[in-house]
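Residue numbers for the sequence shown follow this note's numbering, beginning at 1164 and rising by one.
Glycine is no exception: its CB is placed at the ideal position from the N, C-alpha and C atoms.
A quick write-up on the structure given underneath.
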Amino acid sequence: MQPVSVRSSAFRAVGVQHLQRSLRPVVHHGRLFCRASPLVYVATLPLVGWETVEEILKDKYPDELALHCMVLIESEEIVTMFDFLPEMPTSPFVAAALLSGRQVKGTIRERRLSRLPGKRCWLVGPSATPQALQEARRFNSSFNDRIQLLRNDCRSHSVALVRHLTGLNIRMSINGIYSSS
């Protein structure tokens, strides 16, 4: 299955606009949803501290360096972002600990965004419940807050939160997301 970008014109015209403007039931991955269900997205950004490099390079910034993953929930024109990162993400000591395989204390951020990111953002599907924000907060309150790269990091948090909200198992790559269910 090929990943689909939310920003691709064909998908935006047929998929997202239909979901956003339709009050009819929506079938997604063989499951029936009411449009009252918020939409769940995943996105990637540069690691904290690398934002300036992306601003300088603009379109030349390689997608391979957009390593930080997050989940976005769009509900009634409001976009809420959840991500998982170290408490001191720019500390060289934290970087050294993570690169040597140790765990560090992490935190889950919740922020309101004015809109969906313009690139590296993919629609996963409708939430299984209209109370997606409350479900995400409940999930995050019990999530292990110890970060260890490749075991419990922003990517594993995003995959687990998406599974909790939508029931879908996804795999993430630099080119998009893949559903395995």
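query                                                                                                                                                               : result
Starting from Ser-1319 and walking both ways along the beta strand (DSSP E), at which residues does that stretch end?                                               : Run containing Ser-1319: none in the beta strand (DSSP E); it sits in the alpha helix (DSSP H), 1317–1329.
Going by the CB atoms, is the gap between Ala-1295 and Ile-1236 shorter than 9 Å?                                                                                   : yes
Run through the DSSP bridge pairs and tell me what Phe-1245 is partnered with.                                                                                      : Val-1234 and Glu-1273
Can you find the residues in the same chain that come closer than 6 Å, C-beta to C-beta, to Leu-1210, ignoring five residues on each side of it along the sequence? : Leu-1230 and His-1231
Quick one: is Pro-1255 buried, meaning 16 or more other Cβ sit within 10 Å of its Cβ, or exposed?                                                                   : exposed
If you follow the alpha helix (DSSP H) that Pro-1255 is part of, which residue opens it and which one closes it?                                                    : 1255–1262
When burial is assigned at 16 or more other CB atoms within 10 Å of the CB, is Ala-1241 buried or exposed?                                                          : Note on residue identity: the sequence assigns Ile, not Ala, to residue 1241. Per the 10 Å Cβ criterion, exposed.
In angstroms, rounded to a whole number, what distance separates the CA positions of Met-1335 and Asp-1316?                                                         : 13 Å
In whole angstroms, give me the CA-to-CA distance for Met-1244 and Arg-1272.                                                                                        : 8 Å
Taking only the alpha-carbon atoms, compute the straight-line gap between Val-1234 and Arg-1309 and give it to the nearest angstrom.                                : 19 Å
So what's Gln-1266 in DSSP terms, helix, strand or just coil?                                                                                                       : coil
When the distance is taken between beta carbons, is Leu-1208 closer than 9 Å to Arg-1300?                                                                           : no
Taking buried to mean at least 16 other C-beta atoms within 10 Å of its own C-beta, is Arg-1274 buried or exposed?                                                  : exposed
Nearest by alpha-carbon distance to Ser-1305: which of Ser-1263, Leu-1248 and His-1320 is it?                                                                       : His-1320
Distance check for Leu-1313 and Gln-1266, CA to CA, integer angstroms please.                                                                                       : 11 Å
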